[in-house]
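Those letters in the sequence shown? Residues 1 to 174, by the UniProt record's numbering.
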Amino acid sequence: MERVLLLHSSREGQTIKILDYIATKLGSDVDCQLVDLHQPVTVSFSDYDRVVIGASIRYGHLNKKLYQFIAQHQIALEQAKASFFIVNLTARKEGKDTPETSAYFKKFLLKSPWVPELQDTFAGALFYPRYNFFDRFMIQLIMKMTGGETDPTKEVEYTNWKRVDQFVDKIKLG
């Protein structure tokens with residue numbers, strides 16, 4: 001049975017939802033383990049056939065623990081069949097939804113010593129009712145400036161699941 005390590009740096013849960021979806025799409029004959037990068041990672045890469053990392057953007061940045069993890073495990077990531085995706089609200093717009101056109105992905109590649117072989121970026125979700133006052137206000141401000149949803153009572157999922165399916169197909173080929 002193939003084993004896949006699913007690592008996440010998630011704030012509101014959409015990255016975890018995408019990784020859970022990927023696990024389902026990989027099939028029942030694949031054993032997937034979900035691990036939080038914000039906690040100490042005690043697994044061995046050699047126990048897995050593939051590695052998939054998903055990370056979310058918050059206020060324009062990836063979590064520093066992601067970069068610390070990459071620095072600590074760069075050689076293992078390069079040797080593993082590791083893939084990586086970023087989740088952000090900007091990717092809800094056509095033309096900003098690929099690694100080549102995502103400012104966040106370009107910034108990641110400049111900061112990271114590791115360059116994933118398979119990479120993508122997916123739109124995330126808005127969870128206004130779940131945010132604290134400050135986060136709700138700031139995200140509304142950002143969404144207003146970028147032409148997005150500002151109704152504080154709404155939860156909106158922007159993830160393009162067909163794009164995630166295409167990413168899964170590439171993982172299977174890798």
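All residues carry an ideal CB built from backbone N, CA and C; glycine is no exception.
On a predicted model such as this, the values are computed, not experimentally measured, just so you know.
Residue i to residue j, Cα distance in whole Å?
{"i": "residue 46", "j": "residue 133", "result": "44 angstroms"}
{"i": "residue 104", "j": "residue 95", "result": "13 angstroms"}
{"i": "residue 157", "j": "residue 49", "result": "31 angstroms"}
{"i": "residue 65", "j": "residue 73", "result": "12 angstroms"}
{"i": "residue 23", "j": "residue 162", "result": "15 angstroms"}
{"i": "residue 32", "j": "residue 6", "result": "7 angstroms"}
{"i": "residue 18", "j": "residue 28", "result": "17 angstroms"}
{"i": "residue 101", "j": "residue 1", "result": "36 angstroms"}
{"i": "residue 35", "j": "residue 79", "result": "19 angstroms"}
{"i": "residue 54", "j": "residue 150", "result": "26 angstroms"}
{"i": "residue 20", "j": "residue 30", "result": "12 angstroms"}
If you follow the beta strand (DSSP E) that residue i is part of, which residue opens it and which one closes it?
{"i": "residue 29", "result": "Element bounds for residue 29: n/a, residue is neither H nor E."}
{"i": "residue 127", "result": "125-127"}
{"i": "residue 8", "result": "2-9"}
{"i": "residue 156", "result": "155-157"}
So, residue i versus residue j, is the Cβ gap smaller than 8 angstroms?
{"i": "residue 130", "j": "residue 152", "result": "no"}
{"i": "residue 15", "j": "residue 56", "result": "yes"}
{"i": "residue 52", "j": "residue 142", "result": "no"}
{"i": "residue 139", "j": "residue 126", "result": "yes"}
{"i": "residue 146", "j": "residue 123", "result": "no"}
{"i": "residue 75", "j": "residue 113", "result": "no"}
{"i": "residue 89", "j": "residue 148", "result": "yes"}
{"i": "residue 37", "j": "residue 9", "result": "yes"}
{"i": "residue 26", "j": "residue 41", "result": "no"}
{"i": "residue 58", "j": "residue 92", "result": "no"}
The alpha helix (DSSP H) with residue i in it runs from where to where?
{"i": "residue 165", "result": "161-173"}
Between the options, which lies nearest to residue i when the distance is taken from Cα to Cα?
{"i": "residue 99", "options": "126, 92, 85", "result": "85"}
{"i": "residue 169", "options": "110, 120, 111, 148", "result": "120"}
{"i": "residue 77", "options": "17, 115, 144, 20", "result": "115"}
{"i": "residue 111", "options": "34, 28, 61, 19", "result": "61"}
{"i": "residue 128", "options": "87, 39, 155, 80", "result": "155"}
{"i": "residue 164", "options": "80, 87, 30", "result": "87"}
{"i": "residue 109", "options": "144, 13, 67", "result": "67"}
{"i": "residue 107", "options": "144, 166, 63, 150", "result": "63"}
{"i": "residue 181", "options": "81, 167, 144", "result": "Past the edges of the chain, shown from 1 to 174, lies residue 181, and the structure says nothing about it."}
To test your reading of the DSSP string, which unbroken beta strand (DSSP E) runs of 3 or more residues are found completely within the region 48-133?
Listed in chain order, the complete beta strand (DSSP E) runs (minimum 3 residues) inside the region 48-133 are 50-56, 82-88, 118-123, 125-127.
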